[in-house]
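Here's the structure we're looking at; comments come further down.
Numbering (this note's numbering), first residue to last: 97 to 375.
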């Protein structure tokens, strides 16, 4: 029997897709996460991983879905022109994103992704597409699931999301930079969650600029170490490391996973096609 509340990872990389034999176990596609809540399909970000998800949705005749965008950087929207449900007139897609209005969402997707850099334009897509702001305090009802959000810390802004369904919860917090102590906004959003999907782009050494590398302070990303601290503070059950650096190969991701488990034992590094069942 298929789980009624699950998370499936279709893209787990950050910054840019990374092909190659050393990256096959973890996967090289950029951010795209499916959350199933009963009959509802929720999608978080539309990176290059969205292409495979879109094909599956059309095979399963899932003609209604909701897409929640964290922000509009390339790696999170590059899958838009290749997301097959957008090309079918029987499909209905509601897109939610950071505050700024329908016009900003349309303009960001159209001018950045499609009009100048793709063979088709956004207004040529045949699906019924509606745009919605996520504002502070906004909640979205998706069947029996409730999605809430909060603004996190990233250049240009970013939105983190929480899905509550059947007494369980998952939090999606990518492209967010930590402070000197865990971000209280994110701690509140993640409080008591079953799963926290967290930006672990850098190791602490990379973030601080040790070993001869330029520091990553101010670039809007975090580390597995800070993810563990936040998970403890928020009382999270399971931490999932996400948005892997494009230069981190399969063995290196596994090494980071092991290091984080020394601090927070219930840690898993996200890998493409990995599924976590909550109900």
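Even for Gly, the Cβ is constructed at its ideal location relative to N, Cα and C.
Everything numeric in this text was worked out from a predicted model, so none of it was measured.
Residues near residue i by beta carbon distance below 8 Å, same chain, minus five either side
{"i": "residue 298", "result": "312, 317, 318, 319, 341"}
Backbone CA spacing between residue i and residue j [nearest angstrom]
{"i": "residue 136", "j": "residue 345", "result": "34 Å"}
{"i": "residue 325", "j": "residue 278", "result": "7 Å"}
{"i": "residue 368", "j": "residue 276", "result": "31 Å"}
{"i": "residue 290", "j": "residue 331", "result": "9 Å"}
{"i": "residue 267", "j": "residue 141", "result": "13 Å"}
{"i": "residue 260", "j": "residue 139", "result": "14 Å"}
{"i": "residue 97", "j": "residue 231", "result": "For residue 97, the predicted structure reports a pLDDT of 43, less than 50, and the residue's modelled location is therefore unreliable. A value from the coordinates is still provided. Rounded to the nearest angstrom, the two C-alpha atoms are 37 Å apart."}
{"i": "residue 280", "j": "residue 265", "result": "18 Å"}
{"i": "residue 228", "j": "residue 284", "result": "23 Å"}
{"i": "residue 329", "j": "residue 356", "result": "15 Å"}
{"i": "residue 372", "j": "residue 103", "result": "5 Å"}
{"i": "residue 286", "j": "residue 323", "result": "11 Å"}
{"i": "residue 131", "j": "residue 258", "result": "11 Å"}
{"i": "residue 151", "j": "residue 347", "result": "29 Å"}
{"i": "residue 378", "j": "residue 274", "result": "The question about residue 378 has no answer, for the chain in this structure spans 97 to 375."}
Beta-carbon proximity of residue i to residue j, cut-off 8 Å
{"i": "residue 235", "j": "residue 250", "result": "no"}
{"i": "residue 108", "j": "residue 360", "result": "no"}
{"i": "residue 172", "j": "residue 145", "result": "no"}
{"i": "residue 65", "j": "residue 335", "result": "Residue coverage of the chain in this structure runs from 97 to 375, which leaves residue 65 outside it and unanswerable."}
{"i": "residue 241", "j": "residue 133", "result": "yes"}
{"i": "residue 256", "j": "residue 375", "result": "no"}
{"i": "residue 224", "j": "residue 188", "result": "yes"}
{"i": "residue 178", "j": "residue 366", "result": "no"}
{"i": "residue 157", "j": "residue 190", "result": "no"}
{"i": "residue 175", "j": "residue 147", "result": "yes"}
{"i": "residue 153", "j": "residue 128", "result": "no"}
Element boundaries [alpha helix (DSSP H), containing residue i]
{"i": "residue 350", "result": "346-357"}
{"i": "residue 375", "result": "Run containing residue 375: none; DSSP gives neither H nor E here."}
{"i": "residue 317", "result": "Run containing residue 317: none; DSSP gives neither H nor E here."}
{"i": "residue 174", "result": "Here residue 174 belongs to no alpha helix (DSSP H), and DSSP marks it neither H nor E."}
{"i": "residue 337", "result": "Where residue 337 is concerned, there is no enclosing alpha helix (DSSP H), although the beta strand (DSSP E) it sits in stretches over 334-338."}
{"i": "residue 282", "result": "280-286"}
{"i": "residue 149", "result": "146-155"}
Neighbourhood of residue i by C-beta distance below 7 Å, restricted to the same chain and skipping five residues each side
{"i": "residue 295", "result": "269, 270, 271, 272, 317, 318, 338, 339"}
{"i": "residue 327", "result": "292, 335, 360"}
{"i": "residue 302", "result": "309, 312"}
{"i": "residue 253", "result": "167, 194, 247"}
{"i": "residue 221", "result": "182, 183"}
{"i": "residue 306", "result": "none"}
Close Cβ partners of residue i (< 6 Å) along its chain, the five nearest in sequence each way excluded
{"i": "residue 111", "result": "171, 342"}
{"i": "residue 321", "result": "300"}
{"i": "residue 352", "result": "320"}
{"i": "residue 159", "result": "186, 187"}
{"i": "residue 122", "result": "346, 349, 367"}
Test: residue i CB closer than 8 Å to a CB of chain B
{"i": "residue 255", "result": "You won't find chain B in this structure, because it holds only one protein chain."}
N-terminal and C-terminal residue of the beta strand (DSSP E) that residue i is part of
{"i": "residue 160", "result": "160-164"}
{"i": "residue 104", "result": "101-107"}
{"i": "residue 241", "result": "241-247"}
{"i": "residue 231", "result": "Neither: residue 231 is in no beta strand (DSSP E) and is coded neither H nor E."}
{"i": "residue 302", "result": "From DSSP, residue 302 is part of no beta strand (DSSP E) but of the alpha helix (DSSP H) over 300-304."}
{"i": "residue 58", "result": "Because the chain here runs from 97 to 375, residue 58 falls outside it and cannot be looked at."}
{"i": "residue 254", "result": "Per DSSP, residue 254 belongs to no beta strand (DSSP E) and is neither H nor E."}
{"i": "residue 190", "result": "188-193"}
{"i": "residue 262", "result": "Looking at the DSSP string, residue 262 is not in any beta strand (DSSP E), and its letter there is neither H nor E."}
{"i": "residue 403", "result": "Since the first residue shown for the chain is 97 and the last is 375, residue 403 is missing from the structure and cannot be characterised."}
Check: residue i C-beta below 7 Å from any heavy atom of the ligand SAH
{"i": "residue 150", "result": "With respect to the ligand SAH, the structure offers nothing, as it holds no ligand at all."}
Using a Cβ distance threshold of 8 Å, determine whether the region 181-195 contacts the region 151-166, with at least three qualifying pairs required. yes
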